[in-house]
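Which chain is which? The protein sequence lines are Y, W, V and E, in order.
The numbers in UniProt numbering rise by one with no breaks, and the one at position 46 of the first sequence is 46.
The numbers in UniProt numbering rise by one with no breaks, and the one at position 214 of the second sequence is 214.
The numbers in UniProt numbering rise by one with no breaks, and the one at position 83 of the third sequence is 83.
The numbers in UniProt numbering rise by one with no breaks, and the one at position 19 of the fourth sequence is 19.
All C-beta atoms in this analysis are idealised placements derived from N, C-alpha and C, irrespective of residue type, glycine included.
Shown next, in structure tokens, is the structure this report addresses.
4 protein chains.
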Amino acid sequence: MRHSDPLEPRLSAWEARTDLPLTALAVIFLCGYAWQVLHTTASPTTVLWQEIGLWAIWAVFAVEFVIRFTLAQRKGRFLWRHLFDLLVVALPMVRQLRALRLITVLKVLNRRVGTTFRGRIGIYVAGTILLVGLSASLAVLDAERHDPDANITNFGDAVWWTMTTISTVGYGDRYPVTVEGRLVAAALMIGGIALLGVVTGVIASWFVQKIAGAEESIEESIQSEVKGLRAEIAELRTELKRAGGEVSRS
Amino acid sequence: MRHSDPLEPRLSAWEARTDLPLTALAVIFLCGYAWQVLHTTASPTTVLWQEIGLWAIWAVFAVEFVIRFTLAQRKGRFLWRHLFDLLVVALPMVRQLRALRLITVLKVLNRRVGTTFRGRIGIYVAGTILLVGLSASLAVLDAERHDPDANITNFGDAVWWTMTTISTVGYGDRYPVTVEGRLVAAALMIGGIALLGVVTGVIASWFVQKIAGAEESIEESIQSEVKGLRAEIAELRTELKRAGGEVSRS
Amino acid sequence: MRHSDPLEPRLSAWEARTDLPLTALAVIFLCGYAWQVLHTTASPTTVLWQEIGLWAIWAVFAVEFVIRFTLAQRKGRFLWRHLFDLLVVALPMVRQLRALRLITVLKVLNRRVGTTFRGRIGIYVAGTILLVGLSASLAVLDAERHDPDANITNFGDAVWWTMTTISTVGYGDRYPVTVEGRLVAAALMIGGIALLGVVTGVIASWFVQKIAGAEESIEESIQSEVKGLRAEIAELRTELKRAGGEVSRS
Amino acid sequence: MRHSDPLEPRLSAWEARTDLPLTALAVIFLCGYAWQVLHTTASPTTVLWQEIGLWAIWAVFAVEFVIRFTLAQRKGRFLWRHLFDLLVVALPMVRQLRALRLITVLKVLNRRVGTTFRGRIGIYVAGTILLVGLSASLAVLDAERHDPDANITNFGDAVWWTMTTISTVGYGDRYPVTVEGRLVAAALMIGGIALLGVVTGVIASWFVQKIAGAEESIEESIQSEVKGLRAEIAELRTELKRAGGEVSRS
Chain Y
1 MRHSDPLEPR
11 LSAWEARTDL
21 PLTALAVIFL
31 CGYAWQVLHT
41 TASPTTVLWQ
51 EIGLWAIWAV
61 FAVEFVIRFT
71 LAQRKGRFLW
81 RHLFDLLVVA
91 LPMVRQLRAL
101 RLITVLKVLN
111 RRVGTTFRGR
121 IGIYVAGTIL
131 LVGLSASLAV
141 LDAERHDPDA
151 NITNFGDAVW
161 WTMTTISTVG
171 YGDRYPVTVE
181 GRLVAAALMI
191 GGIALLGVVT
201 GVIASWFVQK
211 IAGAEESIEE
221 SIQSEVKGLR
231 AEIAELRTEL
241 KRAGGEVSRS
Chain W
1 MRHSDPLEPR
11 LSAWEARTDL
21 PLTALAVIFL
31 CGYAWQVLHT
41 TASPTTVLWQ
51 EIGLWAIWAV
61 FAVEFVIRFT
71 LAQRKGRFLW
81 RHLFDLLVVA
91 LPMVRQLRAL
101 RLITVLKVLN
111 RRVGTTFRGR
121 IGIYVAGTIL
131 LVGLSASLAV
141 LDAERHDPDA
151 NITNFGDAVW
161 WTMTTISTVG
171 YGDRYPVTVE
181 GRLVAAALMI
191 GGIALLGVVT
201 GVIASWFVQK
211 IAGAEESIEE
221 SIQSEVKGLR
231 AEIAELRTEL
241 KRAGGEVSRS
Chain V
1 MRHSDPLEPR
11 LSAWEARTDL
21 PLTALAVIFL
31 CGYAWQVLHT
41 TASPTTVLWQ
51 EIGLWAIWAV
61 FAVEFVIRFT
71 LAQRKGRFLW
81 RHLFDLLVVA
91 LPMVRQLRAL
101 RLITVLKVLN
111 RRVGTTFRGR
121 IGIYVAGTIL
131 LVGLSASLAV
141 LDAERHDPDA
151 NITNFGDAVW
161 WTMTTISTVG
171 YGDRYPVTVE
181 GRLVAAALMI
191 GGIALLGVVT
201 GVIASWFVQK
211 IAGAEESIEE
221 SIQSEVKGLR
231 AEIAELRTEL
241 KRAGGEVSRS
Chain E
1 MRHSDPLEPR
11 LSAWEARTDL
21 PLTALAVIFL
31 CGYAWQVLHT
41 TASPTTVLWQ
51 EIGLWAIWAV
61 FAVEFVIRFT
71 LAQRKGRFLW
81 RHLFDLLVVA
91 LPMVRQLRAL
101 RLITVLKVLN
111 RRVGTTFRGR
121 IGIYVAGTIL
131 LVGLSASLAV
141 LDAERHDPDA
151 NITNFGDAVW
161 WTMTTISTVG
171 YGDRYPVTVE
181 GRLVAAALMI
191 GGIALLGVVT
201 GVIASWFVQK
211 IAGAEESIEE
221 SIQSEVKGLR
231 AEIAELRTEL
241 KRAGGEVSRS
């Protein structure tokens, strides 16, 4: 999404400049969120300060989105292209959907991972799954922990549930019961289907590549054949010119 | 299915004319069905009128099918090609299978979505899943709600069950117990497998396209090489003609 | 497996002759098995005669295998190629594995369906799933019904369990508890994975075909270009011959 | 991983020499582990000796890794490339992760199976699944058996659980509750997703191959066409030379 866009020079410049600080902020948010969810014995004051800190970082992302909108020269096109971004930035204001703040953070981190490991699809997929799985475990634990009917009540169970969901195994020994937890599950299921798709796609294209490789050799033989032909005709023309000269002279 | 068919001009003309009103009717049916399922505190009179309205719309679809059959010039070929349509139009007469009315409605809507978003496979897939998922949630709730053993008794649970089924996760905290509910589940499972297939297929073909792209450049080089060859030979013929003229003159 | 083999003329002739009666026998076996499993109130004498009938048909298949082995000219090669057939013919002698008789029957039927609907992959896949699913439902019901811990105790539940297994959803509201039932489940899981693979493969190859189609048009343009070239050179040779004749005459 | 590496001659020579004894040791480890897990009525002395034996084999693998590291000429590159190997050799020292010893063993066996059945993907996949499934069943039984909340307490249940997990069906009638058992489950889930990917990839590439086959025939026609062209031009040159000679003589 943040490829430099020749139609939006001001926007591209801004994005190039804010890329690094936003990534740092995303990492801080993730660590803060993990600490808040896992460290349950913190004093109320600490909890309050954490909460303020996390919402402040979210506010920075929201403000950054508004700035980008202001910088964009084609407002309509920008909004249409960033509809999903707008949603995940705006929806966390509803307290029930505050887990969506993680998606903004994950998008920023994912972009950086993608830029760093471009072309090494294995590491990229593993990194994304790890990042998404960790965030989902934290989010589902945060959502479920205080529900009386919940069966996901500690971090170990949350990680285990995340694993059974993303692999589409779904034993059903652990499952979310709150609306927020089920939203996290929906995101993970989409991730699981995409994961299966990427793994299968890579393997299938690898098999196809071996076939295509065999085919390419025929094409390369045609290519060299045609090149030889061209050289032969060039020679033919030279010979004809010489022959024509001799005929003229005779 | 409703591509204009050169062998059936009368049928194609009829289908072009009825396409829009049928889509509108399908939307009305879906909204009415949703209202009937979700608004459980309606008075018996309202419920009766709703029921009559929904069956009336279904009757319109059934009559439209009969008209199409009458217009078809090759009756046998028409019946064979529309066997599935015939089934989903006729089977809802068995009260147990009344949920099948939704499939007729979904086919009409799906055709319109397909025509509108042709080539934008992402939006098309997302739209189809949303439409199918919503219909399945309503249908399963309608089927299960009044069963004493049922565990899908409100719309939230129905949506959650639809999600776990279409992603093939299947926790088993919610599952249908009635025959009608299990038929809805069967349809969703087929949908889930198709969904996995489409997602994987798109990703795999995207990887293969990158390989094919590299291959195409060889082919394009052959193409330009062969074109150059042809130009060179044309020139050779001109030179030979001129040389022949000179020889004749000499 | 039963493609006519030029190295085994006697075997091929035998297989061509026995193909139809064996298919008929397989259908009778399947119907008899279904009747035995579903009609539980039959008198002990009827049950005994059914049992004898089914084992008699199985014996025919076993004898046919022995005859094929006798007819084969290369015994070792035949055994190695039909190892799986040998297993599913021999193993049902262990009473615990009598459900394996169904696999011999399904292989015979599948071959006929494959021959009839070759090239119409949709109907072939649907037919295979229907046949396998029905057999699995009967087999699991037969295996589980008399176990005190079983939760699959009627045909409806057996079909429902088959559906949740072959789609890899696996709610877990119904599951086999006997060894024989779990063997049926293993066969279904392999079927489910293969099903996912075929559906995805067809969709992926369809997407790839569209790409390959675009590529083919380049190749066809090269083909016509090269043909044009050849025609032009043929014309050039004719002209040269004529010119040579004129030169000689002058 | 153990392809002979031209940059590391000493390492390649060592690996070629140790390949067979390590495979034998891996088989012994697997058998010993199976015996330890399944034969629960052994006397404490026997159990102790078994434990010592298994740890001794693991120690051989650890020492072999250190020797390979010593032999490597580019230490950094070696460590980076064998990071995963280092982890699975070092981590079993934590008693909770002793099941990871199986991964080292499975990697050695998998290499040998891969070398033996290269190109026969069906047998290779089946062999790998069998080996991985058996190891996982043993490992999960070892991990779960002594937990009071466990529901996987005999080998039959462990094999059944392995099947439901690797096929991603996941009924949930059996599931691990200990951390070690859940680690085994994680490995199996990754295996299950890879299995789906390979099966789908093979089927998809088979379909694509049929398409590519049709395409290849066009290419082969171009190839023969271009070869014919070249022969024709060679003939043209000969004719021209003769004609030129005649002209010179006249």
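Between valine 226/V and leucine 22/E the beta-carbon gap is near 56 Å, outside 8 Å, which marks them as no contact. For glycine 156/W, not one C-beta of chain V is nearer than 7 Å to its own C-beta. Proximity to isoleucine 129/E across Ile166/E, Arg120/E and Asp157/E peaks at Ile166/E, based on C-alpha coordinates.
Asparagine 154/W carries a coil assignment under DSSP once its states are collapsed to helix, strand and coil.
When only Cα atoms are considered, arginine 95/V and aspartate 142/V end up about 13 Å apart. Look at serine 224/Y: its C-beta is not under 7 Å from any C-beta on chain E.
The C-beta of leucine 79/W has fewer than 16 other C-beta atoms within 10 Å across all chains shown, which makes the residue exposed. Spatial neighbours of glycine 127/V in its own chain (CB-CB distance under 6 Å, excluding positions within 5 residues in sequence) are listed in chain order as Val113. For alanine 204/V, the neighbours in chain Y by C-beta distance under 7 Å run, in chain order, Ala204.
Less than 7 Å separates the beta-carbon of valine 140/Y from that of proline 176/Y.
For a Cβ distance threshold of 9 Å, nothing in chain E lies close to methionine 189/Y: the least Cβ distance comes to about 13 Å.
Between arginine 10/E and chain Y, the shortest Cβ-Cβ separation is not below 7 Å. DSSP assignment within the UniProt domain "Potassium channel" (142-208) of chain Y yields no whole beta strand (DSSP E) run of 3 residues or more.
Close to tyrosine 124/Y, with beta-carbon spacing below 9 Å, lies no residue of chain W; the smallest spacing is near 13 Å. Bounds of any alpha helix (DSSP H) do not take in serine 43/E, whose DSSP letter is neither H nor E. Non-local C-beta neighbours of isoleucine 57/Y in its own chain, meaning closer than 6 Å and more than five positions away in sequence, comprise Leu25 and Phe29, ordered along the chain. With a cutoff of 7 Å on beta-carbon distance, serine 137/W and alanine 150/W are scored as not near each other. Contact between arginine 10/Y and leucine 71/Y holds: their C-beta atoms lie close to 5 Å from each other, under 8 Å. Exclusion of the five residues before and after valine 88/E leaves Leu100, Ile103 and Thr104 as the residues of its chain whose Cβ lies within less than 7 Å of its Cβ.
Note on geometry: alpha-carbon atoms of glutamate 51/Y and isoleucine 190/Y lie some 29 Å from one another. At a cut-off of 7 Å, the C-beta of threonine 153/Y has no neighbouring C-beta in chain E.
Assigned with DSSP and collapsed to three states, proline 9/Y falls in helix.
In the structure shown, arginine 98/V adopts helical secondary structure according to DSSP, grouped into three states. Looking only at Val199/W, His39/W, Leu188/W and Ala16/W, the smallest Cα-Cα distance to glycine 122/W is reached by Val199/W. Within a 10 Å sphere around the beta-carbon of tryptophan 160/V sit 16 or more other beta-carbons, which makes this residue buried. For the pair leucine 188/W and alanine 185/Y, the Cα-to-Cα distance works out to about 18 Å. By the neighbour-count criterion, in which a residue is buried when 16 or more other Cβ atoms sit within 10 angstroms of its Cβ, threonine 40/W is exposed.
For threonine 168/E, at least one C-beta of chain V is nearer than 7 Å to its own C-beta. Using beta-carbon distances, glycine 172/W counts as an interface residue toward chain E, with a partner under 7 Å.
Within 8 Å of the CB of glycine 192/W, the CB atoms of chain V belong to Ser167 and Val169, in sequence order along the chain. In the DSSP assignment, leucine 79/V falls within the alpha helix (DSSP H) that extends over 75-81. By the Cβ-count criterion, phenylalanine 207/W is buried, with 16 or more other Cβ atoms from all chains shown falling within 10 Å of its own Cβ. Assigned with DSSP and collapsed to three states, alanine 90/E falls in helix.
Here phenylalanine 61/W is buried, its C-beta having at least 16 other C-beta atoms within 10 Å. The Cβ of phenylalanine 207/W sits closer than 7 Å to at least one Cβ of chain Y.
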